[in-house]
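Notes follow once the structure below has been shown.
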Amino acid sequence: MESTRTLKDKIFLILKGLGMGAANKVPGVSGGVVAFVAGFYEEFIYSLKKVNKKAFKLLINKRFKSFYHYINGRFLSLLFFGMIVSYFSISKVLDYLIKHYELYVWSVFFGMIIGSIYYINKDFKDWNFKTYTTLAIGILIGVSISFLNPAKENDNLWFVFFCGIISVSGMTLPGFSGSFILILLGNYVLLLVDSVNALSDTFFDIFSGNFSFIHNAQRLRMLQVLAVFTLGSVTGLVTFSHILSYILKHHKSITLSAIIGFIVGSLGVVWPWKNTIYKLTNSGLPMLDSTGTKIVLNYERYIPQLNTETYYAIAFIFIGIAIVLALEYYGQKTRNINE
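So in full-length UniProt numbering, the last spot in the sequence shown is 339, and the numbers never skip.
Written out as structure tokens, the structure reads:
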């Protein structure tokens with residue numbers, strides 16, 4: 001696969017990583033949908049599956065080049081590089097856009113989800129009792145999750161590790177938003193805001209030659225929480241990929257119908273017309289993170305009135321659909337070239 005990738009393909013792979021990273025951070029949006037529509041979902045899952053006992057043996061025996069090729073290292077490294085860059089760049093832009101143009105941002109995401117449903121469903125022909133049942137269960141699970149109330153924040157390291165395992169569901173299961181699940185678990189702010197900001201502040205301090213943070217107990221605790229969360233995420237990513245690769249191989253139709261159901265169910269989370277419930281300070285004002293962005297707890301959805309703002313939002317929904325169709329076109333073109 002690597003030998004057939006041009007420089008243009010590699011650049012686009014980084015851009016796809018940027019898209020996955022940004023999608024994974026936004027509550028209600030699944031990075032797995034980006035992978036599915038852009039045409040590299042199965043390669044992503046099967047590459048992660050290669051992180052197994054044989055890979056670790058190659059690593060322990062210092063056969064680094066063999067390890068790198070075995071796990072499809074260039075593909076994964078370019079993709080994860082894009083995701084990491086996204087968390088410190090694109091996601092910041094998204095934070096700004098959601099803060100100032102919330103309705104229109106959610107409208108674009110809503111359109112992208114609709115486009116994703118069309119994309120996945122148009123080539124799926126194996127509809128029968130089992131796949132319709134799985135579709136219904138997937139929709140029910142997706143909708144039910146969108147209406148759950150969030151738990152309280154918990155920084156117990158075992159629970160943080162569990163959150164890491166669960167949070168990667170958005171990368172491996174299209175339609176499941178890992179960040180929204182973190183909201184429901186009560187740890188979205190702790191793990192995707194406070195701990196990431198602590199890491200950013202630490203890097204800034206190190207590059208500035210300021211090492212006073214080693215005496216900051218709160219900062220060190222946040223870094224510890226982030227490390228455990230990352231370990232849990234890696235564990236979940238590898239575990240889920242092994243399970244999913246097996247299911248895709250042996251029960252592909254049922255898996256795809258479930259994924260369609262999850263994505264349809266996620267429309268309840270990304271419904272553009274909603275009142276955002278923010279985390280409040282003791283004085284009753286919305287709590288802000290270090291970027292000045294209000295910290296989200298959950299949403300209350302409503303039916304919009306027909307006005308100019310609503311018409312603009314509908315236009316942005318069509319823009320979201322167009323984005324997915326463009327991704328589909330490029331993904332199909334890439335697959336044709338590789339074949």
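Glycine is no exception: its CB is placed at the ideal position from the N, C-alpha and C atoms.
Can you name the start and end residues of the alpha helix (DSSP H) that residue 131 belongs to?
129-146
Could you tell me which residues DSSP pairs with residue 276 in its beta bridges?
299
I'd like the span of the alpha helix (DSSP H) that includes residue 81, first residue to last.
73-87
Name the two residues that bound the continuous alpha helix (DSSP H) containing residue 281.
No alpha helix (DSSP H) holds residue 281; DSSP gives it neither H nor E.
Residue 203 - DSSP class collapsed to helix/strand/coil:
helix
Assign residue 142 to one of two classes, buried (16 or more other C-beta atoms within 10 Å of its C-beta) or exposed (fewer than that).
buried
Measure the C-alpha to C-alpha separation of residue 242 and residue 72 and round it to an integer number of angstroms.
15 angstroms
Is there contact between the region 188-207 and the region 42-51, where contact requires at least three CB pairs shorter than 8 angstroms?
no
When DSSP labels each residue in this structure, what does residue 68 get in the three-state scheme?
helix
Out of 64, 82, 59, which one is the CA nearest neighbour of residue 22?
82
Which same chain residues, not among the five before or five after residue 319, have their C-beta less than 7 angstroms away from its C-beta?
108, 111
Rounded C-alpha distance that separates residue 324 from residue 116:
6 angstroms
Taking C-beta to C-beta, are residue 113 and residue 253 nearer than 8 angstroms?
no
So for residue 315, helix, strand or coil by DSSP?
helix
Identify every run of the alpha helix (DSSP H) within the region 152-186, keeping only runs that are complete inside it and at least 4 residues long; order them along the chain.
157-167, 169-172, 178-184
Cα-Cα, which of 25, 216, 258 is closest to residue 168?
25
Is residue 193 helix, strand or coil by DSSP?
helix
Would you identify the three-state DSSP class for residue 123, choosing helix, strand or coil?
coil
Closest by C-alpha distance to residue 156, when choosing among 315, 221, 98, 239:
221
Within the same chain, show all residues whose beta-carbon is closer than 8 angstroms to that of residue 213, passing over the 5 residues directly before and after it, in chain order.
201, 202, 205, 219, 220
Counting C-beta neighbours from all protein chains within 10 Å, is the total for residue 208 16 or more, i.e. buried, or is it exposed?
exposed
Distance between beta carbons of residue 182 and residue 191, contact taken as under 8 angstroms
6 angstroms
Which value, in whole angstroms, describes the spacing of the CA atoms of residue 180 and residue 29?
8 angstroms
Excluding the 5 residues flanking residue 3 on each side, which residues of the same chain have their C-beta closer than 6 angstroms to its C-beta?
Here residue 3 scores only 49 on pLDDT, less than 50, and its place in the model should not be relied on; the value that follows carries that caveat. Around residue 3: no qualifying Cβ.
Reduced DSSP category for residue 256 - H, G, I as helix; E, B as strand; rest coil
helix
Contacting residues, own chain, Cβ-Cβ under 7 angstroms from residue 300 (five flanking each side not counted)
274, 275, 277
Would residue 232 pass as a contact of residue 186 if the rule is Cβ separation under 8 angstroms?
no
Using a Cβ-Cβ cut-off of 6 angstroms (strictly less than) and excluding sequence neighbours within five positions of residue 272, which residues of its own chain qualify?
103, 106, 107, 110, 313
Any idea if residue 152 is buried or exposed, counting beta-carbon neighbours within 10 angstroms, 16 or more meaning buried?
exposed
So for residue 37, helix, strand or coil by DSSP?
helix
Could you give the DSSP three-state label for residue 242: helix, strand or coil?
helix
Where the alpha helix (DSSP H) containing residue 342 begins and where it ends
Residue numbering for the chain in the displayed model covers 1 to 339; residue 342 lies beyond these limits and cannot be assessed.
Cα separation between residue 39 and residue 68?
22 angstroms
Chain-order list of residues whose beta-carbon lies under 8 angstroms from that of residue 239 (same chain, five-residue window excluded)
165
Hey, residue 283 and residue 229: beta-carbon distance below 8 angstroms or not?
no
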